[in-house]
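Worksheet: one structure, shown below.
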Amino acid sequence: MTVSHIPVNPIHSVPDIGNDPQDFAFHTERRNTAGMERIKILRKMRGLSQAELGDMCNLTQSMISKIEKGIANPTLDVLESISAALDVKTADLFERDELMDRAVTALLRVSREKQMTAVQLLESLQPEKSP
Numbered sequence: 004m005t006v007s008h009i010p011v012n013p014i015h016s017v018p019d020i021g022n023d024p025q026d027f028a029f030h031t032e033r034r035n036t037a038g039m040e041r042i043k044i045l046r047k048m049r050g051l052s053q054a055e056l057g058d059m060c061n062l063t064q065s066m067i068s069k070i071e072k073g074i075a076n077p078t079l080d081v082l083e084s085i086s087a088a089l090d091v092k093t094a095d096l097f098e099r100d101e102l103m104d105r106a107v108t109a110l111l112r113v114s115r116e117k118q119m120t121a122v123q124l125l126e127s128l129q130p131e132k133s134p
């Protein structure tokens, strides 16, 4: 059975994946990681550790790690708490911005000094505010 042909059980509105553990593992992994990597990107953009974000959301560092890896399925309340801590709309946890993701990924690969230089450069490109 392939993932693209998984029938849906209308009673529970969840895929009927049968008894094949491989199908279950693949389907679960794809579903869980769909938007959770965005939490990690947004957290790092704000300079927060998993522990700091966890403290802001009343969650453990371990739970934040599991959510980011797609191992744990956060409830809507938890997602709302995380989005509030990250100062974004809950929907922003799932929206993809390829250019932003590329920029953040590039920044995460360089030293802190180069990150600061890049941020200063970007800030210099912003129009000046009127007094």
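Take any residue in the sequence shown, count from 1 to its spot, add 3: that is its number in my numbering.
All residues carry an ideal CB built from backbone N, CA and C; glycine is no exception.
State buried or exposed for residue i, treating a residue as buried only when at least 16 other CB atoms are found within 10 Å of its CB.
i      : result
Ala94  : exposed
Glu126 : exposed
Leu102 : exposed
Glu71  : buried
Leu128 : exposed
Cys60  : buried
Pro130 : exposed
Gln53  : buried
Arg41  : buried
Glu124 : What sits at residue 124 in the sequence shown is Leu, not Glu. Answer is exposed; the Cβ neighbour count stays below 16.
Gly21  : Confidence at Gly21 is low in this model, with a pLDDT of 43, below 50, so its placement is unreliable and the value that follows should be read with caution. So Gly21 counts as exposed.
State the DSSP-derived secondary structure class of residue i, mapped to helix, strand or coil.
i      : result
Arg112 : coil
Arg41  : helix
Leu56  : helix
Arg49  : coil
Gln123 : helix
Gln118 : helix
Which residue's Cα is closest to the Cα of residue i: the options?
i      : options                       : result
Arg112 : Met48, Thr63, Lys69, Ser65    : Met48
Lys92  : Glu101, Leu79, Asp104         : Leu79
Ala87  : Gln123, Glu40, Lys72, Asp58   : Asp58
Ile85  : Glu98, Arg115, Leu56          : Leu56
Met119 : Gly50, Arg46, Ile44, Glu40    : Gly50
Ala106 : Glu98, Val122, Thr63, Glu116  : Val122
Leu45  : Arg115, Arg99, Ser114, Lys117 : Arg99
Lys69  : Met39, Asp104, Leu110         : Met39
Phe97  : Lys117, Gly73, Ala109, Thr108 : Gly73
If we require 4 or more residues per run, which alpha helix (DSSP H) segments fall completely within the stretch 58–106?
64–72, 79–88
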